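*Asks:* Sharing a structure, written as structure tokens. Questions coming.
Numbering (full-length UniProt numbering), first residue to last: 1 to 248.
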């Protein structure tokens with residue numbers, strides 16, 4: 001009988017790999033700010049570190065399962081999710097490293113990375129994880145711990161962020177932290193569930209289709225979790241979901 005899985009590492013995907021050698025920047029569909037420039041390396045190398053870190057946690061038995069989380073965000077490759085592309089990149093060099101890897105293929109932002117991965121774990125194993133490790137950029141830590149965990153009632157003693165940043169210069173780091181605060185932390189702090197105009201537009205631009213995705217995500221869930229999927233934060237966008245959730 002397979003032992004109960006307790007801990008999951010969630011890899012937040014940030015781009016789509018499509019090609020052969022994953023270390024070659026030309027095989028990734030990167031945004032302009034993710035590309036190499038001068039001495040600055042392309043961020044695809046950081047994404048590969050995120051992938052390898054998750055596999056290392058799995059192989060060392062620090063976690064029982066790994067989820068790659070990222071939807072079909074790029075209209076130029078509409079058939080390919082970020083999550084599937086990360087798995088493809090891993091399989092290019094580690095064809096053996098696919099056991100206990102799950103693909104969450106709906107998420108278009110960090111809130112969805114967290115919630116939808118928890119839901120996928122439940123749909124796959126029949127229960128919720130005990131503890132979560134988020135693998136993403138270090139500068140996104142506060143967003144997950146201050147805002148997303150709070151929004152879904154996830155206990156802070158059961159979630160941690162294993163952050164890996166690109167190799168920033170001091171100026172790049174300061175600029176990135178400021179942009180994270182302005183364009184992500186502050187918007188989510190006033191719109192916890194990402195359903196207001198600005199964050200909803202970002203989701204739409206990343207090809208979020210609630211009519212299709214919510215139906216898939218709701219499959220087999222408790223009614224209260226289905227209600228959470230539709231919760232918009234009350235009249236002001238910052239009202240925390242008012243009911244207890246099964247993972248508390």
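Each residue gets a CB set at the ideal place from its N, CA and C atoms; glycine is no exception.
All values reported here derive from a predicted model rather than from experimental measurement.
(1) Tell me whether the beta-carbon of residue 114 lies closer than 8 Å to the beta-carbon of residue 10.
(2) Would you please state the rounded distance, in angstroms, between the beta carbons of residue 52 and residue 84? I believe it to be under 8 Å.
(3) Enumerate in chain order the residues of its own chain whose CB-to-CB distance from residue 219 is below 8 Å, with the five nearest sequence positions on each side excluded.
(4) Indicate the three-state DSSP secondary structure (helix, strand or coil) for residue 168 in the structure shown.
(5) Across the segment 207–218 and the segment 126–135, are there enough close Cβ pairs to call them in contact, namely three or more that are closer than 8 Å?
(6) Starting from residue 266, trace the beta strand (DSSP E) both ways and give me its first and last residue.
(7) Am I right that residue 109 and residue 203 are in contact with their C-beta atoms under 8 Å? What's the rounded C-beta distance?
(8) With which residues is residue 28 paired in a DSSP beta bridge?
(9) I'd like the list of long-range same chain contacts for residue 245, defined as Cβ closer than 8 Å, with 5 residues on each side in sequence excluded.
(10) Let's see if you can read the secondary structure: which residues bound the beta strand (DSSP E) around residue 131?
(11) State whether the segment 231–248 contacts the segment 145–164, with contact taken as three or more CB pairs (one from each stretch) at a distance under 8 Å.
(12) Less than 8 Å between the beta carbons of residue 15 and residue 35, yes or no?
(13) Where does residue 241 sit, in a helix, a strand or coil, going by DSSP?
(14) What residue range does the beta strand (DSSP E) around residue 52 cover?
(15) Sorted by chain position, which residues of the same chain lie with C-beta nearer than 7 Å to residue 237's C-beta, five sequence neighbours on each side aside?
(16) Should the segment 130–144 be called in touch with the segment 168–181, which here means at least 3 C-beta pairs below 8 Å?
(17) Kindly indicate which three-state DSSP category residue 182 falls into: helix, strand or coil?
(18) Using CA coordinates, which residue listed in 40, 7, 27, 50 is at the minimum distance from residue 164?
(19) Applying the criterion that 16 or more other CB atoms from any shown protein chain within 10 Å of the CB defines a buried residue, is residue 82 buried or exposed?
*Replies:* Considering the structure as presented:
(1) As a first step, residue 114 must be located in the chain shown, where it is residue number 114. As a first step, residue 10 must be located in the chain shown, where it is residue number 10. Yes, the Cβ-Cβ distance between residue 114 and residue 10 is below 8 Å.
(2) Position 52 of the chain shown, counted from the first residue, corresponds to residue 52. Position 84 of the chain shown, counted from the first residue, corresponds to residue 84. With a Cβ gap of about 18 Å, residue 52 and residue 84 do not count as contacting.
(3) The residue labelled residue 219 in the question sits at position 219 within the chain shown. Excluding residues within five positions, the ones whose Cβ falls inside 8 Å are 123.
(4) Counting from one through the chain shown, the residue named residue 168 turns up at place 168. Of the three classes helix, strand and coil, the one that applies to residue 168 here is coil, per DSSP.
(5) No, the segment 207–218 is not in contact with the segment 126–135.
(6) Shown here, the chain extends from 1 to 248; a query on residue 266 therefore has no answer.
(7) Your numbering for residue 109 matches position 109 in the chain shown. Your numbering for residue 203 matches position 203 in the chain shown. Right, their Cβ atoms sit about 6 Å apart.
(8) Start at 1 with the first residue of the chain shown, and residue 28 comes out as number 28. BP columns for residue 28 point to 17.
(9) Position 245 of the chain shown, counting from 1, holds the residue named residue 245. Contacts found: 152, 153, 224, 225, 228.
(10) Locating residue 131 in the chain shown gives position 131, where the first residue counts as 1. Taken as a continuous stretch (DSSP letters only), the beta strand (DSSP E) holding residue 131 covers 131–136.
(11) yes
(12) Here residue 15 refers to the residue found at position 15 when the chain shown is read from its first residue. Here residue 35 refers to the residue found at position 35 when the chain shown is read from its first residue. Result no, Cβ atoms of residue 15 and residue 35 do not sit closer than 8 Å.
(13) Position 241 of the chain shown, counting from 1, holds the residue named residue 241. In the structure shown, residue 241 sits in coil (DSSP, three-state: anything other than H, G, I, E or B).
(14) As a working mapping, residue 52 is identified with position 52 in the chain shown. Premise fails: residue 52 lies in the alpha helix (DSSP H), 44–59, not in any beta strand (DSSP E).
(15) By 1-based counting over the chain shown, the position of residue 237 is 237. Excluding residues within five positions, the ones whose Cβ falls inside 7 Å are 190, 191, 192, 196.
(16) yes
(17) The residue you call residue 182 lines up with position 182 of the chain shown. It is helical.
(18) Your numbering for residue 164 matches position 164 in the chain shown. The candidate whose alpha carbon is nearest that of residue 164 is 50.
(19) Position 82 of the chain shown, counted from the start, is the residue given in the question as residue 82. Here residue 82 is buried. Its C-beta has 16 or more other C-beta atoms within 10 Å.
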